[in-house]
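Here is the structure:
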């Protein structure tokens with residue numbers, strides 16, 4: 057269902073919920089701030105409850121607002137699925153998939169999944185948003201994407217796990233690096249070498265920090281940056297990085313990097329998850345993409 061098919065008050069409500077600001081919502085909707093405020097007040101009056109908590113830093117959904125937003129987003133996604141199915145009955149297939157994933161999955165894994173899927177579905181358009189694990193969850197909870205793909209250590213409220221597979225964090229090294237010849241390494245082995253690591257807040261950094269804290273170890277950060285840059289730096293031979301095999305399978309298969317298991321159990325606690333919004337039924341095209349993605353993840357996750 058297009059937002060344009062929703063009532064004005066509902067559209068304005070969703071935009072304020074998304075931006076956390078009446079002013080920003082008005083800018084996105086190209087209307088006056090007073091018009092947005094008026095519609096929110098009207099909606100709250102008709103429902104007999106406050107949908108937002110007015111705070112100094114903006115507008116935060118109340119408990120009632122959270123319920124309403126979740127309902128409207130799920131209804132929108134269900135409506136889109138039905139429209140896709142109706143188009144299919146008339147011989148017109150759905151043509152768009154909306155995805156969100158974390159950066160470590162974007163450059164190699166998702167590129168391979170999307171390219172191979174479009175080979176089989178040449179009329180399909182795929183829109184991918186790349187962000188932090190929290191941003192992937194927010195995209196799903198707002199109904200902005202059909203599928204979310206990220207690494208996680210626990211289930212999340214409001215999200216359904218469509219697929220969960222072990223994705224242990226491994227050390228990536230250039231073939232000529234001293235650790236590349238090892239069958240496994242410990243965290244103590246790793247921290248003796250300079251590291252190229254993602255920013256704080258990623259599951260890789262969380263696991264590394266946790267393990268080093270438990271063992272009283274410290275590590276040297278030589279580089280931080282985006283995932284493709286980190287892989288390129290590791291290929292130069294000086295530094296190491298940490299990653300799931302599925303993220304770097306393209307470079308490992310090409311012989312540009314070697315993946316070495318880490319012995320500490322903390323590094324085996326992470327999973328790769330394919331997620332949808334709780335209560336949402338993916339459309340036919342999104343379901344086909346989900347199945348293709350899962351099959352690719354299982355294959356690459358076991359690749360040597």
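In our numbering, the protein residues as written are 57 to 360.
Think of the CB as a built atom: it goes at the ideal place given N, C-alpha and C, for glycine as much as any other residue.
Just so we're clear, the structure is a prediction, and the values are computed from it rather than from any experiment.
Nearest to residue i (by Cα), restricted to the options the options
i: residue 186; options: 206, 169, 211; result: 206
i: residue 188; options: 208, 178, 125, 286; result: 208
i: residue 183; options: 345, 350, 358; result: 345
i: residue 157; options: 198, 190, 257; result: 190
i: residue 311; options: 321, 343, 329, 287; result: 287
i: residue 284; options: 298, 272, 273; result: 298
i: residue 92; options: 109, 174, 102, 64; result: 64
Outcome for residue i when other beta-carbon atoms lying within 10 angstroms are tallied against a minimum of 16
i: residue 292; result: exposed
i: residue 162; result: buried
i: residue 169; result: buried
i: residue 265; result: exposed
i: residue 270; result: exposed
i: residue 193; result: buried
i: residue 347; result: exposed
i: residue 148; result: Legend: pLDDT at residue 148 = 49, less than 50; position of this residue unreliable, value from coordinates given subsequently. Result: exposed.
i: residue 151; result: exposed
i: residue 339; result: buried
i: residue 320; result: buried
i: residue 104; result: exposed
Beta-carbon proximity list for residue i, same chain, < 6 angstroms, skipping 5 on both sides
i: residue 356; result: 302, 305
i: residue 250; result: 276, 278, 295
i: residue 70; result: none
Where residue i falls: helix, strand or coil (DSSP)
i: residue 98; result: helix
i: residue 213; result: coil
i: residue 278; result: strand
i: residue 116; result: strand
i: residue 316; result: strand
i: residue 294; result: coil
i: residue 198; result: coil
i: residue 332; result: strand
i: residue 109; result: strand
i: residue 269; result: helix
i: residue 83; result: helix
i: residue 148; result: Note on residue 148: pLDDT 49, under 50, position unreliable in the model; the coordinate value appears next. Three-state DSSP puts residue 148 in coil, outside helix and strand.
Residues near residue i by beta carbon distance below 7 angstroms, same chain, minus five either side
i: residue 354; result: 221
i: residue 195; result: 156, 185, 201, 204
Contact set for residue i: own chain, Cβ-Cβ below 8 angstroms, skip 5 residues either direction
i: residue 106; result: 100, 118, 120, 121
query: Contact between the stretch 327-335 and the stretch 226-238: three or more CB pairs below 8 angstroms?
result: no
- request: Inspect the CB distances between the stretch 63-81 and the stretch 108-116 and report whether three or more fall short of 8 angstroms.
  value: yes
message: I'd like to know if the stretch 238-247 and the stretch 309-323 are in contact, where contact means that at least 3 CB-CB pairs between them fall below 8 angstroms.
response: yes
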